[in-house]
Amino acid sequence: MNRIFSKAIVRKPCREMVNGLTTAELGKPDYEKALEQHNRYIEVLQECGLEVTVLEADSEFPDSTFIEDVALCTSKCAVITNPGASSRNGEKLGIKPVLKGFYTSIEEIVHPGTLDAGDVMLVDNHFYIGISARTNQDGAEQLINILQKYDLTGSKVPLKEMLHLKTGLSYLEQNTLLISGEFVNNTVFEKFRRIVVDKNEQYAANSLWINGNVLVPKGFTETKNKIEQAGYKTIEIDVSEFRKLDGGLSCLSLRF
Ligand code: CIR
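Oh and the sequence shown: position 86 is 204 in the working numbering, straight run, nothing missing.
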């Protein structure tokens, strides 16, 4: 069963993004270039059939363009997360009024639980939740309890190295996982058809299935070819400036 997405929410990058959190060691992002790349990202979402709500840049939060982390948009409810990085935690306040325009049921992860939705991957009606430096046990358990109220399920996946679960894993529907690094030998993911991403193309493990298309970051030809050989249509997008802040394609939008 394939999901169909009809909407997306994005937030424009702010000038202060140059001070965003990072471990990438790829230098500071170029803000003007990031804006251009973000505009192209929006166009591609539209080409994939999504109605895109574009939120204004929020200069108070350098990482706020990575909007995926602040909410989980399910088929039945939206969950406002409690982002685990202190410099990002306040981002959650800006998303609630926006989601009220789309959802009647809105839930929240609260202290002492922390959760970044980059740690949450949906497969059919089941949510895999990474336990990471950003998402703790309490946050994951709160999310599982919330999901159960809506006949949805969740389970925890401990992370060792990756920033977020979806840094190294993407579900491409049709029982197919793009998988890399520490997840390759995790028995939890054995049951899937797997497209293994080579170590030197690790960044492309965060690719994004949208309505039959797979958005792939530009410059990762081997992974793009593997995805095409598995039967998918791909669309390359240059997100080099967001990569400098550890952000991937999924991080830049909420899709529902
Ligand atoms: C951060 O460290 O929080 C941002 N610089 C990158 C967030 C990436 N988000 C994601 O993987 N969902």
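The beta-carbon is built from N, C-alpha and C at its ideal position, and this holds for glycine as well.
Asked, Found
"With 16 other Cβ atoms within 10 Å as the buried cut-off, status of Gly-145", "exposed"
"For Ile-160, the residue or residues it bridges with in DSSP", "None; Ile-160 has no bridge partner."
"Straight-line Cα distance separating Asn-207 from Pro-201", "5 Å"
"Opening and closing residue of the alpha helix (DSSP H) in which Ser-358 lies", "358-361"
"Val-332, buried or exposed, once every other Cβ within 10 Å from all chains shown has been counted against 16", "buried"
"Rounded C-alpha distance that separates Thr-339 from Thr-232", "36 Å"
"Per DSSP, cross-strand counterpart(s) of Thr-271", "His-244"
"Sequence-distant residues of its chain with Cβ nearer than 8 Å to Gln-260 (five each side left out)", "Ile-227, Val-228, Gly-231, Leu-233"
"Alpha-carbon spacing of Glu-150 relative to Val-162, whole angstroms", "19 Å"
"One or two residues paired with Asn-200 in a DSSP bridge", "Leu-233"
"Nonlocal neighbours in the same chain, by C-beta distance under 6 Å from Ala-126, ignoring five residues either side", "Leu-163, Leu-168, Val-170, Ser-371, Arg-373"
"Terminal residues of the beta strand (DSSP E) in which Asn-331 lies", "331-335"
"Tyr-159 versus Leu-277, Thr-183, Phe-220, residue with shortest Cα-Cα distance", "Thr-183"
"Local Cβ density within 10 Å of Ser-177, reported as buried at 16 or more and exposed below that", "exposed"
"Per-residue DSSP class, three states only, for Thr-171", "strand"
"Nearest-angstrom Cα separation, counted from Tyr-350 out to Cys-166", "14 Å"
"Cβ-heavy atom distance, Leu-173 to the ligand CIR, below 6 Å", "no"
"DSSP three-state assignment for Leu-265, whether helix, strand or coil", "helix"
"Length of the line joining the Cα atoms of Thr-305 and Glu-291", "19 Å"
"Residue range of the beta strand (DSSP E) that includes Glu-351", "The question names Glu, but residue 351 in the sequence shown is Lys. Unbroken beta strand (DSSP E) run through Lys-351: 351-355."
"Presumed contact (8 Å Cβ cut-off) between Glu-354 and Lys-362, rounded CB distance", "The Cβ separation is near 18 Å, so there is no contact."
"Helix, strand or coil at Pro-131 [DSSP, three-state]", "coil"
"Closest Cα partner of Gly-366 within the set His-282, Val-302, Lys-344", "His-282"
"Through-space distance from Val-275 to Lys-267, alpha-carbon basis", "21 Å"
"Other residues of its chain near Thr-140: CB distance less than 7 Å, five sequence neighbours each side excluded", "Lys-362, Leu-363, Asp-364"
"Neighbourhood of Thr-294 by C-beta, 7 Å cutoff - its chain only, sequence neighbours within 5 removed", "Phe-310, Arg-311, Ile-313, Ala-348"
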